[in-house]
Structures are given as C-alpha cells and as structure tokens.
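**Q** Here the numbering used here is used: the first residue of the sequence shown is 886, the next is one more, and so on.
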Amino acid sequence: MAVAHSLGFSRIGRDRELKKAREAFCLGELDEAGLRAVGRDLRKAQWALQKGAGIELLPAGDFAWHDQVLTHSLMFGVIPEHVRPADGKATLQTLFDVARAVSERGQWFDTPCLAPEFSVDQQFQLGWEQLFEEVQEAQELGHSVKPVVIGPLTYLWLGKTQGADFDKLDLLDRLLPLYGQIFQRLADLGVEWVQIDEPILVLDLPQAWKNAFERAYNLIQRDPLKKLLATYFGGLEENLGLAANLPVDGLHFDLVHAPQQFPTILDRVPGYKVLSLGVVNGRDSAHFDLENALATVQHAHERLGDRLWLAPSCPLLHERVDPGENALALAAQTCSQVTTLAQAVNQPHAPNVQATRAVA
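Structural data, given as structure tokens:
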C-alpha cells in the first residue's frame, strides 16, 4: 500500500491568526498562556485538515512561532549569552528575544530564517520541549505522527561563525548526541518514524561535507526510530548516490524539480528502503498534471510495491498565495492531490479512482 504523508503544513492560519497572536504577544496584549492556546488551536485545525484530506502519516514539529531554524536553535540550546535566561530554561519570551538579538539573517532556501550563531567553543544541550509537546498533543487527538527535525548537517550549514574563524564541521561531534537523545525520547512516546530534513543535499557540496554526511548517518543509524531522510527544492544531482546509500530507512525525493532523475533513483535506492516521491508541487499545486503524475506513480508502484510513499515535493510552508487566496485551503488541496494518487494505486478498481482516471 502506498502511504500518503506530508512533510510539513502551512501554519499561519485561515485568517493569519499566528501573525496576529505573535504581534499581540510582543506588544504585551497577550500573555504566554494565551499565545500557546492559539498555537494549540492552529495545530489541531491543521492536523484535522490534513487527515480530512486523506493524509495517513501527519507531521509534528513543523509548527514554528518564528521559523523552524530558530526553533531548533532553542532546542539545541544555541541562545546568545545576553538573552539566555539565568536558569537556562527558555520560554516563548526567550524565543522572541533571540529573534530580536540575532544579527544574521539567513535563508531557508527562498524563505528568510534566523541563522544560528556558533562560537568555537559552542556547546549544545537539549532544552526546549516544543517538539515533544506537539507529538503528545497529536497523539491525544488520535493522530499517527511523523516528527520532523532539521538534520545536523543542514543545521550547521545554515549557521554563522562568531569570533575566531573555524570550521563548522568541527561542531558535528558535539551536536550528534542530541539527535540520539531526541530520537530516544520520541521512541519512548511510541513514535515509529522520524523525518530528518537535509535539503542541502540538493546543493553542490564540498567533499568534506559529503564525507561528514556518511560519518554522521553511520552514527545516527544506531539511534532508535525508523528514519526518513527528506530532500527537496531540487534534484540530488551529484549527491544522488550519497543520499541513496546513507544508512536510513527511507528517502524523500523531490520529483517535481528533478523528473529526469526518476529512473536513476528507482534503480539506486536499496531494496530495504522506503522511497517517498514528491509528486505534487508543494509551492504551486494549481498546475498539477494528474495524468502524468498517475503514470509516474503507477510505474513506481510496480517497482516498489509497499515501499512507495507519496507526498508533496516539499513542506507546505512555501505555497505561492495570491491576494485573496487561503493558504490553508491551498495546502489542503495539495494533500488531497497526493491522496488521490495513493488511492489510484492502492484501490485501482474503486469507483472514485475510475472517475479520476476518466478525468485524466
């Protein structure tokens, strides 16, 4: 059975509730409890929309008060000294203090983010509970979830060095143990799969970073949970062999942006791995070509069988939204398109699938 899943969902709200709540909090018009309540309501609605669209494995940890890179910085204890709480315990106020204090603005590809600031003696410690809280929220609502984390190499790549010049890869061995702690805690919550986002694999990486991928994931494979390595915003190009052979349980490939690599990825992915195909454009679902997508998915299912997963090409945080359009409605539409394709291979003789084929 092909599994329909989501890499991440729009979080702004139907009426930009998140933006409004953040602004009210920063102006002192809403306290932390009120802001957290808004977040819970948004996540509940977003999970319900995805599940209603037919998504079987929902993301958790894709919600961010500011951006997902800053969320990870708090989780890893990467907080500028002058805004670090005396007791070391970060709050939502800490998060917004960091957002104001961080001088470097980076790019999560085409989306602005707050770049982590690393020092040569940088230490990492697990200290922000948001990921685990969201997993428990989803489970209490009866959802099957796949937590999402930014991978260690992508997180370091996005960071900026402060003070003395040094190689960011020198920090990798200090950072990796935190991933083991995260995965163990998620396993204790009953999680089966975790999604590790490493989109820098679509870039032309220096050889030292390619070597670091192999070293890091040979260590990560010893940690609990099944791991889905997610790449997106481009093809794997020269990194296809590297990504396909990393010791993880699944690989997500952005088929929308690199359709020419489809035959090669089918041939190169090992027989024990799940292959997740990003078959619907996560940035522009309006131009979805159902007929071509069906042909591709059917071919993949013939080769992979139950090892085939289907998803949007990327997290649904980047959908192009014209004035007057609803970001959540567009994201839900994208999920429905993924589900339609999954149903077409899982239940090829169902009436609704036959109707879909006729339309195509």
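Note that beta-carbon positions come from the ideal geometry of N, C-alpha and C, so glycine has one too. Remember, it's a predicted structure, so these values are computed and weren't measured experimentally.
Tell me which same chain residues have a C-beta within less than 6 Å of the C-beta of Arg-928, skipping the five on either side of it?
**A** The answer, listed in chain order, is Phe-948.
**Q** Over what stretch of residues does the alpha helix (DSSP H) that includes Leu-1056 continue unbroken?
**A** Careful: Leu-1056 lies outside any alpha helix (DSSP H) and carries neither H nor E.
**Q** Taking Gln-1047 as the reference, which of Ile-1105, Ile-964, Thr-976, Gly-1075 has the closest Cα?
**A** Minimum Cα distance to Gln-1047 is reached at Ile-964.
**Q** For Ile-1150, write down the residues that DSSP places opposite it in a beta bridge.
**A** The partner list for Ile-1150 (beta bridge, DSSP) is empty, contrary to what the question assumes.
**Q** State the CB to CB distance for the pair Leu-1140 and Gly-1163, rounded to an integer number of angstroms; the pair is presumed to be in contact (CB under 8 Å).
**A** With 8 Å as the limit, Leu-1140 and Gly-1163 qualify as a contact, their Cβ atoms being about 5 Å apart.
**Q** So what does DSSP say about Glu-1332, is it helix, strand or coil?
**A** Since the first and last residues shown for the chain are 886 and 1245, residue 1332 lies out of range.
**Q** Who are the Cβ neighbours of Gln-1092 in its own chain at under 8 Å, not counting the five residues just before and after it?
**A** If we look at Gln-1092 and ignore the five residues flanking it on each side, it has no Cβ neighbours.
**Q** List the residues that DSSP assigns as beta-bridge partners of Pro-1144.
**A** In the DSSP output, where bridge partners are listed per residue, Pro-1144 has none listed.
**Q** Would you mind working out which of Gln-1008, Glu-1014, Gly-1012, Phe-1003 sits nearest Leu-1043, comparing C-alpha positions?
**A** Selected option, being the one with the closest Cα: Phe-1003.
**Q** Does the distance from the CB of Val-1165 to the CB of Lys-1112 come in under 9 Å?
**A** No, the Cβ-Cβ distance between Val-1165 and Lys-1112 is not below 9 Å.
**Q** Do Gln-931 and Leu-1213 have their CB atoms nearer than 9 Å?
**A** Result yes, Cβ atoms of Gln-931 and Leu-1213 sit closer than 9 Å.
**Q** Taking C-beta to C-beta, are Leu-1136 and Ala-887 nearer than 9 Å?
**A** Contact flag unset, no.
**Q** From the DSSP output, which residues share a beta bridge with Ala-1129?
**A** For Ala-1129, which the question treats as bridged, DSSP gives no partner whatsoever.
**Q** Are the beta-carbon atoms belonging to Leu-955 and Cys-911 less than 9 Å from one another?
**A** Cβ atoms of Leu-955 and Cys-911: not closer than 9 Å.
**Q** Can you list, in chain order, the residues of its chain whose CB lies under 7 Å from that of Leu-1063, leaving out five sequence neighbours each side?
**A** Phe-961, Phe-1009, Leu-1011.
**Q** Using only CA atoms, which one of Pro-1233, Asn-1231, Leu-942 lies nearest to Val-1020?
**A** Per the Cα distances, Leu-942.
**Q** In angstroms with no decimal places, state the Cα-to-Cα distance between Asn-1096 and Val-1154.
**A** Answer to the nearest angstrom: the Cα atoms are 19 Å apart.
**Q** Cutting at 6 Å between CB atoms, please list the residues of its own chain near Ser-958, excluding the five before and the five after it.
**A** Result list for Ser-958: Pro-1001, in chain order.
**Q** What number of angstroms, rounded off, separates the C-alpha of Asp-952 from the C-alpha of Leu-1201?
**A** If you take the alpha carbons of Asp-952 and Leu-1201, they lie about 14 Å apart.
**Q** Pair every Cβ in the segment 1079-1088 with every Cβ in the segment 1048-1059, then say whether three or more of these pairs are closer than 8 Å.
**A** Short answer: they don't touch.
**Q** Which parts of the segment 1015-1041 are runs of the beta strand (DSSP E), unbroken and 3 residues or longer, counting only runs that do not cross its ends?
**A** Segments of the beta strand (DSSP E) lying fully in the segment 1015-1041: 1030-1035.
**Q** Does the distance from the C-beta atom of Gln-1015 to that of Gly-946 stay below 9 Å?
**A** Going by C-beta atoms, Gln-1015 is nearer than 9 Å to Gly-946.
**Q** Mapping DSSP to helix, strand and coil, what is Ala-1196?
**A** Strand at Ala-1196.
**Q** With 16 other CB atoms within 10 Å as the buried threshold, where does Asn-1124 fall?
**A** The residue in question, Asn-1124, is buried, as its Cβ has 16 or more Cβ neighbours within 10 Å.
**Q** Take Ala-1143 and list the residues in its own chain whose beta-carbon comes closer than 6 Å to its own, dropping the five residues that flank it on each side.
**A** Within the same chain, Ala-1143 has close Cβ partners Gly-1120.
**Q** On the premise that Leu-1114 lies in contact with Leu-1071, defined as a C-beta separation below 8 Å, what is that separation, rounded to the nearest angstrom?
**A** At roughly 16 Å, the Cβ-Cβ gap does not stay under 8 Å, so Leu-1071 and Leu-1114 are not in contact.
**Q** Let me know if Trp-1083 comes out buried or exposed under the rule of 16 or more other beta-carbons within 10 Å of its beta-carbon.
**A** Looking at the sequence shown, residue 1083 is not Trp but Glu. Result: buried.
**Q** Spatial neighbours of Ala-1216 within its chain, please: C-beta separation below 7 Å, excluding the five flanking residues on both sides.
**A** Cβ within range, chain order: Phe-894, Ser-895, Leu-1201, Glu-1204.
**Q** Pro-970 to Thr-979, Cα distance in whole Å?
**A** If you take the alpha carbons of Pro-970 and Thr-979, they lie about 7 Å apart.
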